[in-house]
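Peer 1:
Numbering (my numbering), first residue to last: 34 to 286.
#1: If the criterion is Cβ atoms closer than 8 Å, does the pair residue 189 and residue 85 meet it?
#2: Buried or exposed: which applies to residue 81, given that a residue is buried once 16 or more other Cβ atoms fall within 10 Å of its Cβ?
#3: Can you tell me the Cβ-Cβ gap for residue 53 and residue 46, rounded? I've got them flagged as a contact below 8 Å.
#4: Can you tell which of 92, 261, 280, 253 has its C-alpha closest to the C-alpha of residue 162?
#5: Across which residues does DSSP place residue 136 in a beta bridge pair?
#6: Between the alpha carbons of residue 150 and residue 158, how many angstroms are there, rounded?
#7: From the DSSP output, in three-state form, read off residue 84 for me.
#8: Identify the residues that DSSP records as bridge partners of residue 98: which are they?
#9: Please return the same chain residues whose Cβ sits closer than 8 Å to the Cβ of residue 74, not counting the five positions on each side in sequence.
#10: Any idea what DSSP makes of residue 181, helix, strand or coil?
#11: Below 8 Å, how does it come out for the segment 118-129 and the segment 237-256: are there three or more Cβ pairs, yes or no?
#12: Identify which residue in 101, 63, 156, 118 has its Cα closest to the Cα of residue 212.
#13: Could you pull the DSSP bridge partners for residue 131 from this structure?
#14: Just the Cα atoms here: how many angstroms apart are residue 260 and residue 64?
#15: Let me check understanding here. Comparing Cα to Cα, which of 228, 107, 118, 88 lies closest to residue 175?
#16: Have a look at 200, 271, 102 and flag the residue whose alpha-carbon is nearest the alpha-carbon of residue 232.
#17: Assuming contact is defined by CB atoms lying nearer than 8 Å, are residue 120 and residue 105 in contact in what I supplied?
#18: Output needed for residue 40: all residues of its chain with C-beta closer than 6 Å, excluding positions within five of it in sequence on either side, in chain order.
#19: Please report how far the alpha carbon of residue 61 lies from the alpha carbon of residue 170, in whole angstroms.
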């Protein structure tokens, strides 16, 4: 059967999963994990792609990434080929290592971006590999608490708060929350509402100007934000932009 074409992301951000053939382990000890991360870093520099999150899980890998100076499929082929070459040399083997093509899904809005981010960081916890996400070494969670050369932490942290120390605290809280996150699902489709249309809808329904919503009482803020979150063609980042309220606070309402 012919391959199904990948769904392109308008944001160029994707959630990617790479699995070992027949679900066999592709990481056996810390040297394997370190090598894979080193390869991610190598092509981060060469292909100028962004990494927002990663987690190495024994027989598979999760990545949250943005296409760089070349097609993401080309970048992923380079990463995969480099690791397989090293792995086969390291373990004196031949042949394929990964199960078919990598799986991918587009990440088009901030709500789903944060969902995928948390899903990736909680993978070891939900799989029983760790008692908590902070004690698992082979994910990008720790990169958000310190300096990182390959993980773009600023993009996600800015969604929580404009001040970094508060953003980190909210990031930690969000990533430790219990949830029923499900990923590799397709986002909603449809033309995005304009800022002007959103402002008009809110004024008609609540007789409130969005420019002053951040100064309103909490109860009114919550009503308006819940309404905006219910609009299928309105992203969290857009709501944040027109209201001046952080994505994290909007997400919590």
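Virtual Cβ for every residue (Gly too), placed ideally from N, Cα, C.
Peer 2: Put simply:
#1: For the purposes of this step, residue 189 is taken as residue 156 along the chain shown, with counting starting at 1. For the purposes of this step, residue 85 is taken as residue 52 along the chain shown, with counting starting at 1. Yes; because the gap between Cβ atoms is below 8 Å, this pair is in contact.
#2: For the purposes of this step, residue 81 is taken as the residue at position 48 of the chain shown. It is exposed - the Cβ of residue 81 has fewer than 16 other Cβ atoms within 10 Å.
#3: Start at 1 with the first residue of the chain shown, and residue 53 comes out as number 20. Start at 1 with the first residue of the chain shown, and residue 46 comes out as number 13. That belief does not hold up - the Cβ atoms of residue 53 and residue 46 are roughly 25 Å apart, past 8 Å.
#4: Within the chain shown, residue 162 is the residue found at index 129, counting from 1. It is 92.
#5: What you label residue 136 is simply residue 103 of the chain shown in a count that begins at 1. Bridge partners of residue 136: 50.
#6: Taking the first residue of the chain shown as 1, we reach residue 150 at position 117. Taking the first residue of the chain shown as 1, we reach residue 158 at position 125. Spanning the two alpha carbons is a distance of roughly 14 Å.
#7: Counted from its first residue, the chain shown places residue 84 at position 51. Strand.
#8: The residue you call residue 98 lines up with position 65 of the chain shown. Bridge partners of residue 98 according to DSSP: 47, 84.
#9: Taking the first residue of the chain shown as position 1, residue 74 is located at position 41. If we look at residue 74 and ignore the five residues flanking it on each side, its Cβ neighbours are 182, 183.
#10: On the chain shown, position 148 is the one that residue 181 refers to. Residue 181 falls in the coil class under three-state DSSP.
#11: no
#12: Translated into the one-based positions of the chain shown, residue 212 becomes position 179. Ranked by Cα distance from residue 212, the first of 101, 63, 156, 118 is 156.
#13: As a position in the chain shown, residue 131 is number 98, starting the count at 1. Paired residues: 53.
#14: Taking the chain shown and counting its residues from 1, one reaches residue 260 at position 227. Taking the chain shown and counting its residues from 1, one reaches residue 64 at position 31. Computed Cα separation, rounded: 50 Å.
#15: As a position in the chain shown, residue 175 is number 142, starting the count at 1. Minimum Cα distance to residue 175 is reached at 88.
#16: Taking the chain shown and counting its residues from 1, the one referred to as residue 232 is at position 199. Selected option, being the one with the closest Cα: 271.
#17: Mapped onto the chain shown, residue 120 falls at position 87. Mapped onto the chain shown, residue 105 falls at position 72. No, they are not a contact pair.
#18: The residue given as residue 40 occupies position 7 in the chain shown. Excluding sequence neighbours, residue 40 sits near 139.
#19: In the chain shown, the residue the question calls residue 61 occupies position 28. In the chain shown, the residue the question calls residue 170 occupies position 137. Residue 61 and residue 170 have their C-alpha atoms some 14 Å from each other.
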